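Inspection log for the structure reproduced underneath, given as structure tokens.
2 protein chains.
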Amino acid sequence: MEKHLDELQPFFEPRGVAVIGASAQPGKGGHIIVQNLLRCGFRGPIYPVNPRGVKILDLPSYPTIDECPDPLDLAVLIVPREAVPPSLEQAARRGVKYAIIASGGFTDAGDAFGLELDARVRRIAAENGIRYMGPNSIGTIDAGSGFITSITANDPLPPGNVSILGQTGLLASGLTRMIADRQPFGVRRIACLGNKNDLNEIDFLHAFADDDRTGAVGCYLEGVKNGRDFLAAARATAQKKPLIVLKGGISESGSVAAASHTGSLAGSAAVFHGALRQVGAIEAESLEDLFDLLSGFGNLPQPKGPGLGLVSITGAGCVLGADYAERFGLRLPTLQPATIESIGRVCPDWSSIRNPVDMWPAIERNGVAEAYRLIGLAMARDPGIDLLILTTTLFDGSFFDITPVIAAIREIAPEKPVATVLIGGAAEENRAWTVNARRAGAATFADLSRAIRVLGTMAQIPHPSGESA
Amino acid sequence: MEKHLDELQPFFEPRGVAVIGASAQPGKGGHIIVQNLLRCGFRGPIYPVNPRGVKILDLPSYPTIDECPDPLDLAVLIVPREAVPPSLEQAARRGVKYAIIASGGFTDAGDAFGLELDARVRRIAAENGIRYMGPNSIGTIDAGSGFITSITANDPLPPGNVSILGQTGLLASGLTRMIADRQPFGVRRIACLGNKNDLNEIDFLHAFADDDRTGAVGCYLEGVKNGRDFLAAARATAQKKPLIVLKGGISESGSVAAASHTGSLAGSAAVFHGALRQVGAIEAESLEDLFDLLSGFGNLPQPKGPGLGLVSITGAGCVLGADYAERFGLRLPTLQPATIESIGRVCPDWSSIRNPVDMWPAIERNGVAEAYRLIGLAMARDPGIDLLILTTTLFDGSFFDITPVIAAIREIAPEKPVATVLIGGAAEENRAWTVNARRAGAATFADLSRAIRVLGTMAQIPHPSGESA
Chain B
66 MEKHLDELQP FFEPRGVAVI GASAQPGKGG HIIVQNLLRC GFRGPIYPVN
116 PRGVKILDLP SYPTIDECPD PLDLAVLIVP REAVPPSLEQ AARRGVKYAI
166 IASGGFTDAG DAFGLELDAR VRRIAAENGI RYMGPNSIGT IDAGSGFITS
216 ITANDPLPPG NVSILGQTGL LASGLTRMIA DRQPFGVRRI ACLGNKNDLN
266 EIDFLHAFAD DDRTGAVGCY LEGVKNGRDF LAAARATAQK KPLIVLKGGI
316 SESGSVAAAS HTGSLAGSAA VFHGALRQVG AIEAESLEDL FDLLSGFGNL
366 PQPKGPGLGL VSITGAGCVL GADYAERFGL RLPTLQPATI ESIGRVCPDW
416 SSIRNPVDMW PAIERNGVAE AYRLIGLAMA RDPGIDLLIL TTTLFDGSFF
466 DITPVIAAIR EIAPEKPVAT VLIGGAAEEN RAWTVNARRA GAATFADLSR
516 AIRVLGTMAQ IPHPSGESA
Chain H
66 MEKHLDELQP FFEPRGVAVI GASAQPGKGG HIIVQNLLRC GFRGPIYPVN
116 PRGVKILDLP SYPTIDECPD PLDLAVLIVP REAVPPSLEQ AARRGVKYAI
166 IASGGFTDAG DAFGLELDAR VRRIAAENGI RYMGPNSIGT IDAGSGFITS
216 ITANDPLPPG NVSILGQTGL LASGLTRMIA DRQPFGVRRI ACLGNKNDLN
266 EIDFLHAFAD DDRTGAVGCY LEGVKNGRDF LAAARATAQK KPLIVLKGGI
316 SESGSVAAAS HTGSLAGSAA VFHGALRQVG AIEAESLEDL FDLLSGFGNL
366 PQPKGPGLGL VSITGAGCVL GADYAERFGL RLPTLQPATI ESIGRVCPDW
416 SSIRNPVDMW PAIERNGVAE AYRLIGLAMA RDPGIDLLIL TTTLFDGSFF
466 DITPVIAAIR EIAPEKPVAT VLIGGAAEEN RAWTVNARRA GAATFADLSR
516 AIRVLGTMAQ IPHPSGESA
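Chains as they are written, first to last, in our numbering: chain B, 66 to 534; chain H, 66 to 534.
Right, here's the structure in full:
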């Protein structure tokens, strides 16, 4: 399988990239690509190609790709559609074997000229042995190397182990903005497939499956080029690491919309659901759910069992948490006598101590940070507890730094997943909390039902490698 | 029914309030209550009662409630539990007929002394004709009058038509902080029930049902004191306005947790689900879902039918939106020729125009604000469209002020609900967007599936009054 990864390597860490259609004009896609590469810290050579040879963001540009020096293995094309075939031919003459065609207006436009251009692109690529993404592809992001071909302005993404592929530019625009800001997980690689003339979901699934630094794979698809091959690739991926799939176009009208969006034939919903389950993939229900699942699988070790320890600042969190545990397949084990005794030492005498733990009395006695630490550690030591959720709510008097609490728990029980949930609070406080908690090694969810949905899924899916993601 | 509302009026707009246990020490509950009343702009007389008669936040305090001048109709008790019965007796002698007992440690503690105190409180109230909330009640908020008895620091809430009652202090702490910050809807009144010795969910349901300024009612309950009476009150409420209920403790272990939290007997899940449906209430699945539903029912008029018009900046939004419409009971009507023609004028010739509308081509031509306005108006004029969703994603080049767009749509089609959805983007941008969109008359949701879940529910539930909420 190694060839898949090697073959796609230039799309993520090219030894040199030419941006054909690079522009000195801020706001243009051909400007933003260069700007993003610099802002995200890509260290490889960047060769803006611009017919007038102007300086672009202090980089010299080249009138044609022929003038670009070595090393150069990838060309990104962001030119008017009619200029794509000649540009690709020039890249071929320069010896470039990999291309991202960002320009649209081919099968996605569907007019006669677009179809003609599309046929020419296919022919040029085939004759010259060029592998390409698109047309109409926003391309790739590699958070570690800082390589990025998005045509919308991006900040650097937190590097991590989640790789995502899919059929929407959102993956490299609005959603990356969210990832950079709230950091629900760290990113390894992102691939936006576009029209999928050549490289498609199967290629990237194999590449992510083979990639040692990818711990979990997310996938948004509207249609697949070849159902049988896709399922084989999904099975091969899911045998190596968690694979979470959101499928758009599962309804009849969704399927029509998909045909219009990316020219995909979506196929029957029921068949797709069943097939995904059979190959061991996890189906997400919405973009939000996809990101929640990636947040769990990307940040947390695989739970050894379904035993949930729930520590909550609010009684309602205990009550609702117990309901969700039943709904999503977790259990609330009875605490060991030693655990009850430890927790009892930090609670008033009249407290009845059980799982879930309503910790308000302990907070009144010990302060909020210490109460979470002491109870969290006691729960983490309990052999019946496989995973921990700490639920809190942000108001004056409940603010605290969660990171030492998570660090202490992870030190004594590194094999047990820890998640935090914030109920309510202001948006900016929530954001800061999420970032801190993730850096400390937890996953964070916006609602307790979402946390337990994700952890319940993780506990039920046997981890492919038997190890932490 | 009018007596219900009149009877509870002093809990929301008292003509004078005594805070027994008021404290000069910042951070104490008895200090925060006074601080909140001032910060939230309550204009009625506030009488801090403090044995040492110190000034509290520039207000004179009174050694006992006897010294407090008129008018005075409500006492808030935040004193050690053993001081509750004598304080209540003093309030009774002063002629006060309404009390909020914030102090805990009664049936919620469950020890012998707590139970004895509880019996004394009941007897004093009964002998003196006092109606009270609690013990262990964080009390009430009235966003319009600025009246608030929360023991956690609060900012003023946006006034509006949503009233909420429930068995968790979260409703007046972490969640109010979220409401003040993100403003998912405007608030009329909030009631936190606590131990429910006297006043309970039935009283507040009736009061909110009778209240002309309450347009939608939200309810979080762990148990009900009397199932039959509760269902009658829920039916009476749901006949007048949308009633959304989140029930905690529906699982076996959730029921045990509920008994520990508020001493409630939760009862069978299946029976409760069926009964809620029968009385016309809407069941929420999580706190997040409860707030989403309140955001829809609180901000939007009742849709006249299930015809969804979906306008999306992203093709994935069109595809997923069509899927969710099918799942949640909305239809995507074929657009009228006039609508297609209008939209065609702002799109490139090659665009195929259908519902959902993928508007990216129009944005490239007309700029983002104008594209949303023109397409939004064309969709709003279409007689087959009953409700509109505008989906966008925030990156440089897609930022715009949504408020004139919403205002223009609402002007030509005030009867059609408008919702916006932001996919991705940074937390603070999202917050600002939500606030602006709501002020302009839309509801905003964090995920398209949540928007369509709410609008689908609204379209399927016949509106009690046949009018907008």
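For glycine and all other residues, C-beta sits at the position ideal for the given N, C-alpha and C. Keep in mind that this is a model prediction, so the values were computed, not measured.
Within the 8 angstroms Cβ cut-off, does residue i reach chain B?
{"i": "H:M243", "result": "yes"}
{"i": "H:R496", "result": "yes"}
{"i": "H:A516", "result": "no"}
{"i": "H:F460", "result": "yes"}
8 angstroms is my cut-off, CB to CB: does residue i come that close to chain H?
{"i": "B:I405", "result": "no"}
{"i": "B:Y285", "result": "yes"}
{"i": "B:S318", "result": "yes"}
{"i": "B:W415", "result": "yes"}
{"i": "B:G239", "result": "yes"}
{"i": "B:G251", "result": "no"}
{"i": "B:A87", "result": "no"}
{"i": "B:C383", "result": "yes"}
{"i": "B:P421", "result": "yes"}
{"i": "B:A323", "result": "yes"}
{"i": "B:G160", "result": "no"}
{"i": "B:S360", "result": "no"}
{"i": "B:L222", "result": "no"}
{"i": "B:A491", "result": "yes"}
{"i": "B:E391", "result": "yes"}
Does the Cβ of residue i have 16 or more other Cβ atoms within 10 Å, making it buried, or fewer, making it exposed?
{"i": "H:E406", "result": "exposed"}
{"i": "H:N115", "result": "buried"}
{"i": "H:K369", "result": "exposed"}
{"i": "H:W415", "result": "exposed"}
{"i": "B:L180", "result": "exposed"}
{"i": "H:P151", "result": "exposed"}
{"i": "H:A174", "result": "buried"}
{"i": "H:T399", "result": "exposed"}
{"i": "H:H69", "result": "buried"}
Roughly how many whole angstroms lie between the Cα atoms of residue i and residue j?
{"i": "B:A473", "j": "B:L442", "result": "7 angstroms"}
{"i": "H:F76", "j": "H:C105", "result": "16 angstroms"}
{"i": "H:I130", "j": "B:M523", "result": "57 angstroms"}
{"i": "B:R293", "j": "B:L230", "result": "19 angstroms"}
{"i": "H:E429", "j": "B:P249", "result": "31 angstroms"}
{"i": "B:A299", "j": "B:I213", "result": "25 angstroms"}
{"i": "B:P307", "j": "B:L142", "result": "33 angstroms"}
{"i": "B:R342", "j": "B:E132", "result": "51 angstroms"}
{"i": "H:V464", "j": "B:G92", "result": "Per the sequence shown, the amino acid found at residue 464 of chain H is Phe instead of Val. In a straight line, the C-alpha of H:F464 is about 13 angstroms away from that of B:G92."}
{"i": "B:G199", "j": "H:D466", "result": "32 angstroms"}
{"i": "H:P223", "j": "H:A281", "result": "15 angstroms"}
{"i": "B:L358", "j": "B:L73", "result": "26 angstroms"}
{"i": "H:C257", "j": "H:L286", "result": "10 angstroms"}
{"i": "B:L330", "j": "B:L153", "result": "Its pLDDT being 49, under 50, B:L330 is placed unreliably in this model, and the coordinates cannot settle the point."}
{"i": "H:R419", "j": "H:A492", "result": "32 angstroms"}
{"i": "H:E476", "j": "H:V144", "result": "53 angstroms"}
So residue i packs on residue j, CB below 8 angstroms; how close in whole Å?
{"i": "B:D388", "j": "H:G319", "result": "4 angstroms"}
{"i": "B:Y163", "j": "B:D183", "result": "Not quite, the Cβ-Cβ distance comes to about 19 angstroms (not below 8 angstroms), so this is no contact."}
{"i": "B:G361", "j": "B:V519", "result": "4 angstroms"}
{"i": "H:G394", "j": "H:G521", "result": "4 angstroms"}
{"i": "H:I267", "j": "H:G204", "result": "So it is not a contact: roughly 18 angstroms between Cβ atoms."}
{"i": "B:L373", "j": "B:R410", "result": "That pair is no contact at about 23 angstroms."}
Considering only DSSP beta bridges, list what residue i is partnered with.
{"i": "B:P224", "result": "B:V252"}
{"i": "B:L513", "result": "Beta-bridge pairing links B:L513 to no other residue."}
{"i": "B:P448", "result": "For B:P448, which the question treats as bridged, DSSP gives no partner whatsoever."}
{"i": "H:Y163", "result": "H:L139 and H:R196"}
{"i": "B:T522", "result": "DSSP, once it has assigned bridges, lists no residue as partnering B:T522."}
{"i": "H:Y389", "result": "According to DSSP, which records beta bridges pairwise, H:Y389 is partnered with nothing at all."}
{"i": "H:F337", "result": "DSSP, once it has assigned bridges, lists no residue as partnering H:F337."}
So is the beta-carbon of residue i under 7 angstroms away from any non-hydrogen atom of the ligand MG?
{"i": "H:P136", "result": "As for the ligand MG, it is missing from this structure, which has no ligand bound."}
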